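Below you'll find the structure, written out as structure tokens, and then a few comments.
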Ligand code: A2H
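Residue numbers (the working numbering): 5 to 257.
Set out below in structure tokens:
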């Protein structure tokens, strides 16, 4: 844990259709006329054009929390506590949980990904998602995150083992950010460092550091309203745009 608070962008990925197991577990527990969102915390809002799925930890327990009359969030209990004291829920300090659900039950849920070239994506499993960081939900941007690229590659390779449909992990990966090295930095680094699975932790750590530095300091956005602008400059602009549109909010811990 760092000393300074980490300032995340929490993105609202609206549930379009629950996976069958989730639907069964949640039957009768959520009012009919509300929207439910998976809420990943990200440090890279400017990459959201490249979302291809959303990860949950299959063995983690999530709660469904009332954020306001019309909106409910799927996040960890820990994140709900933090949000309740950051003025994010309608009633300051009040935590109202309507259901618990296992990450594994959420796999396959169809959700809407704001800004993405793929407006509809699936919830998929990632074992390395930590319960102790962010919301326990991680949106996947394989073009710019080595962890995400290694995981979607693994999922596509072993779809049956993971109990998913191969197509869910095989959405096209579009270039989002141009750097001096590549416009698909994460796939480039994963290949260059010969990373063959999400378990190659040491090389993935190195890839992550390289991608983050090069992306942030030398990257230029290739797409969207701030196309042509440096990542450093565009990052807060994309974030503001998402927040203004009601598709994201500030979350820190
Ligand atoms: B980032 P930090 Cl494109 N468990 O978002 C594991 N990882 C988590 C997490 C959790 N509970 N919560 C958030 N994260 C990920 C985008 C992204 C991210 C890109 C490139 C790098 C990157 C798309 N995934 O992170 O330890 C989220 O993934 C590299 C560090 O608080 C979040 O931002 O610094 C980042 O880790 C937060 O990690």
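All C-beta atoms, glycine included, are put in the ideal place defined by N, C-alpha and C. Remember, it's a predicted structure, so these values are computed and weren't measured experimentally.
Cα-Cα separation between residue i and residue j, rounded to whole angstroms
i	j	result
residue 27	residue 90	30 Å
residue 33	residue 102	6 Å
residue 196	residue 190	10 Å
residue 122	residue 97	36 Å
residue 42	residue 17	5 Å
residue 214	residue 142	20 Å
residue 232	residue 225	5 Å
residue 216	residue 57	20 Å
residue 70	residue 100	6 Å
residue 29	residue 77	16 Å
residue 127	residue 114	7 Å
Per DSSP, cross-strand counterpart(s) of residue i
i	result
residue 151	Residue 151 pairs with nothing; no bridge assigned.
residue 234	224
Residue i: first and last residue of the uninterrupted beta strand (DSSP E) it sits in
i	result
residue 67	65-70
residue 126	124-129
residue 21	17-21
residue 115	114-116
Proximity test, residue i beta-carbon vs ligand 1 heavy atom, cut-off 7 Å
i	result
residue 142	yes
residue 63	no
residue 46	yes
residue 209	no
residue 10	yes
residue 149	yes
residue 216	yes
residue 2	Only positions 5 to 257 of the chain appear in this structure, which leaves residue 2 out of reach.
residue 186	no
residue 39	no
residue 132	yes
residue 206	no
Cβ neighbour criterion (16 or more within 10 Å) applied to residue i
i	result
residue 84	buried
residue 221	exposed
residue 170	exposed
residue 239	buried
residue 119	buried
residue 165	exposed
residue 251	buried
N- and C-terminal bounds of the alpha helix (DSSP H) containing residue i
i	result
residue 102	Per DSSP, residue 102 belongs to no alpha helix (DSSP H); it is in the beta strand (DSSP E), 101-106.
residue 194	189-196
residue 164	163-166
residue 287	For residue 287 there is no data in the structure shown, the boundaries of the chain being 5 and 257.
residue 27	24-30
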